[in-house]
Amino acid sequence: MTLQGLTEDPCRSQPTPEERVSDQPSSTPNQPSDWEAGFGDNPFDEDTGFDQHEGAAALSGANWWRSAVFYQIYPKSFADGNGDGMGDLIGVRNRLDYLKLLGIDAIWLSPFYTSPMADGGYDVADPTDVDPMFGTLRDFDALVTDAHARGIKVTVDIVPNHFSDQHVWFQQALAAAPGSPERARFIFRDGKSPDGSEPPNNWPAMFGGSAWNRVPDGQWYLHLFAPEQPDLNWDNSEISAEFERILRFWMDRGVDGFRIDVAHSMAKPAGLPDMDLSHYNGPNTQLDPDLRFDQDGVHEHLRMFRRVLDTYPNRMAVGEAWVPDDKRLALYVRPDELHLTFNFRLVLAEWSAKDFQGAIDDSLTAMAEVGAPCTWVLSNHDVVRHTTRYGGGELGKARGRAAALVMLSLPGTAYLYNGDELGLENVDLPDEVLQDPTWERSGHTERGRDGERVPLPWEGVTPPFGFGSSQDSWLPMPAEWEFFTVEHELDDANSTLSLFREALGLRRGLAELHGSSFHWQQAPAGCLAYRRGPNLVVALNAGDTPVDLPPGEILLSSSPIEGDTLPPNTTVWLRV
Ligand code: NOJ
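According to the working numbering, the stretch in the sequence shown is residues 695 to 1270, in order.
What follows is the structure in structure tokens.
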């Protein structure tokens, strides 16, 4: 599994949906009756403790996160409030009215903590302060106050696998002797060969090269990501005590929840044995299984997170765990662990009804077993934007819009990545501007993730499109984004932004979309359909030929509907 693609495709090892659910879409030729409702056994009507008739009212209670729409803000790229060409907290605060207008329920801020930015802020040097690049703690407090005043919850990133090498603890560890308590906060080991010049094991780092770095006295330290991100030793109780302090610090400042970075990586196997690398596919890929990730010991640490969160009302945590086995992923959201865990099956799915069905069906089944909602994702700061993945241009745009209407009508929680709502694509950036550590660490063979991190276009007709008052932005923005600015799209009833606003407005008001009820319906070849509650049907035509529209009153469609046909690459929401 990978941040940008897959080594082992989990879809291949799962039973097909047809094997498990009796009312699956069929592959028969298209005819009106192809869209018939199927009412066979269904695993998705389990009582998950959520009242589906509460509707949007539930968003303010203890279970607000169970069907919320979160909006991921990559702070460096969202909006520049101080004119230095980089996004910041003032920029976010200035744009809160836009987020309110969009209709999201909560924001997730990627790291804005003190950081030398060796990995876009995921190398944290002080987890309880704001980097001057992003502002101050006062800016943060003002942002929380203003967001809450608009009914928007605020969640922040927690990075428990590693600190920055500039964190005071790591500096102390470097200055201290092997075997010292300072070194015991990280994972220091002697080398393997008699002279210690071989790393302690053969683990590769996610960003390329060995996962071990040697320090002047000859010891090595583990870093699953960049060398500037030394892994913490979670076998040392000092680490859990420190993270309890960090969680409380932010909850005391009013944050509503956390996104836990690489939540599956904190526990390492005893003895740190070598990995079998015969199927290893290079940087940014995970094996299945992979000794670096998803060790059973991780769950005890996540239970600690939960115990701390439960001492505050209505708080939540979502885990980033790239765990290919849906059943193992579900272990992360058992009742005493995290509330949510990102589900990357839609990120990994090809554009096909079959792949989407498999992703949805497997995920709903696995999560229903532990009573947790699914947490759907199409894009984030680590993966190629879905509009690009689906082919780019008009085709990618149509598919991206259709996929969004699927995601936003599935049971559970949805995470949008800033710019999804504008239909932004990845940008092909010139070599000289690339900043992702993957680019250097892979010897310039992997371009990394800058293409999905280009600043957002807000207004005007030339770059940087109102991103800030500076003429520059930290990554260049393409001239054609003139037609993708917020200003431009707000004025266009057919824009992707208008579609998202309508979808989010409907989602908020439709009680069916806040419950767990979900039934597959029969659908023509290349299509899928499901019913939410008694009266809402969602139909996707992922094929390349038009099909007859299913019966019902159209509430929303991702492409214009003419006559009685559902065009290719289109999703409709229907009242039946
Ligand atoms: C996952 C984050 O999403 C990614 O951006 C980061 O590079 C790694 N974790 C390491 O923290």
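Glycine included, C-beta positions come from ideal geometry on N, C-alpha and C.
Quantities reported herein were computed from a predicted structural model and do not represent experimental measurements.
Thinking just about the alpha-carbon of each residue, which of the options is nearest to the one in residue i?
i     : options                   : result
L1193 : Y1026, L1099, N927, A920  : L1099
G845  : M827, G1013, R760, D799   : D799
A1097 : T822, D1049, Q1129, T1132 : D1049
G948  : S1163, V1155, A841        : A841
K962  : F880, T1035, R953         : F880
L1025 : E994, D1055, L783, A1053  : E994
L1116 : E730, L793, P769          : L793
G1160 : G775, A1047, P910, F919   : G775
F882  : D889, P888, A870          : A870
V763  : Q1129, W1152, P1105       : P1105
D778  : F828, D791, T822          : F828
T1132 : A773, E922, P1170         : E922
D1056 : E1031, K1021, L1072       : K1021
L1110 : G1162, F1036, F864        : F1036
L1204 : R1135, N1112, V1231       : V1231
W1016 : P1029, N1008, V1002, Q989 : Q989
S874  : N930, E1174, G815         : N930
To the nearest angstrom, how far is it from the Cα of residue i to the Cα of residue j?
i     : j     : result
I767  : R1195 : 17 Å
D745  : R877  : Interpretation of D745 is limited by its pLDDT of 42, a score under 50 that renders its predicted location unreliable; the figure taken from the coordinates is listed afterwards. Each residue's alpha carbon lies about 50 Å from the other.
D820  : D1166 : 28 Å
L796  : E1146 : 21 Å
N1281 : D1242 : This structure leaves residue 1281 out entirely; the chain is present only between 695 and 1270.
P1261 : R760  : 32 Å
L1268 : A905  : 51 Å
P769  : Y1006 : 26 Å
E936  : A920  : 22 Å
N927  : M960  : 8 Å
V909  : Y1224 : 57 Å
A654  : L941  : As shown, the chain starts at 695 and ends at 1270. That puts residue 654 outside it, with no answer to give.
G1013 : H917  : 20 Å
S804  : G1087 : 28 Å
R1000 : P1254 : 45 Å
P1228 : G1065 : 22 Å
L1058 : P1157 : 42 Å
Q1215 : A1108 : 22 Å
P1244 : P1218 : 10 Å
D982  : A1062 : 23 Å
Y974  : Q1051 : 28 Å
D782  : F772  : 8 Å
G1209 : Y1084 : 29 Å
D911  : V862  : 19 Å
G885  : G815  : 30 Å
Just mark residue i as buried or exposed, buried being the case when its beta carbon has 16 or more other beta carbons within 10 Å.
i     : result
F738  : The pLDDT assigned to F738 is 49, lower than 50, so where the model puts this residue is not dependable; a value taken from the coordinates is nonetheless given after this. By the 10 Å Cβ count, F738 comes out buried.
D1127 : The sequence given here has Val at residue 1127, not Asp. With fewer than 16 Cβ atoms within 10 Å of its Cβ, V1127 is classed as exposed.
A957  : buried
N757  : buried
S891  : exposed
L996  : buried
T1265 : buried
R1093 : buried
P924  : buried
V1155 : exposed
Which residue comes first and which comes last in the beta strand (DSSP E) that contains residue i?
i     : result
H1182 : Unbroken run through H1182 is the alpha helix (DSSP H), 1180-1184; no beta strand (DSSP E).
E1247 : 1247-1251
Grab the span of the alpha helix (DSSP H) containing residue i for me, first residue to last.
i     : result
H993  : 992-1003
H842  : 831-843
Y1111 : First-last for Y1111: 1107-1111, but that is the beta strand (DSSP E), not the alpha helix (DSSP H).
Please check if any C-beta of chain C sits within less than 8 Å of the C-beta of residue i.
i     : result
E1174 : Among the protein chains of the structure shown there is no chain C, as only one such chain exists.
> Are the stretch 808-820 and the stretch 856-869 touching by the rule of at least three beta carbon pairs closer than 8 Å?
Replying inline: yes
> Counting pairs of Cβ atoms below 8 Å between the stretch 778-789 and the stretch 831-839, do you hit three or more?
Replying inline: yes
> Within the chosen definition, does the stretch 1032-1043 reach the stretch 1071-1086 through at least 3 CB pairs nearer than 8 Å?
Replying inline: At 8 Å Cβ cutoff, the stretches touch.
> Touch check for the stretch 1135-1143 and the stretch 1244-1252: three-plus C-beta pairs under 8 Å?
Replying inline: no
>> Across the stretch 1198-1215 and the stretch 1180-1187, are there enough close Cβ pairs to call them in contact, namely three or more that are closer than 8 Å?
In response: As far as the Cβ criterion goes, the stretch 1198-1215 does not touch the stretch 1180-1187, which means the pair count is below three.
> Would you say the stretch 965-980 touches the stretch 891-903, given that touching needs at least three Cβ pairs under 8 Å?
Replying inline: Cβ pair count under 8 Å is three or more, so yes.
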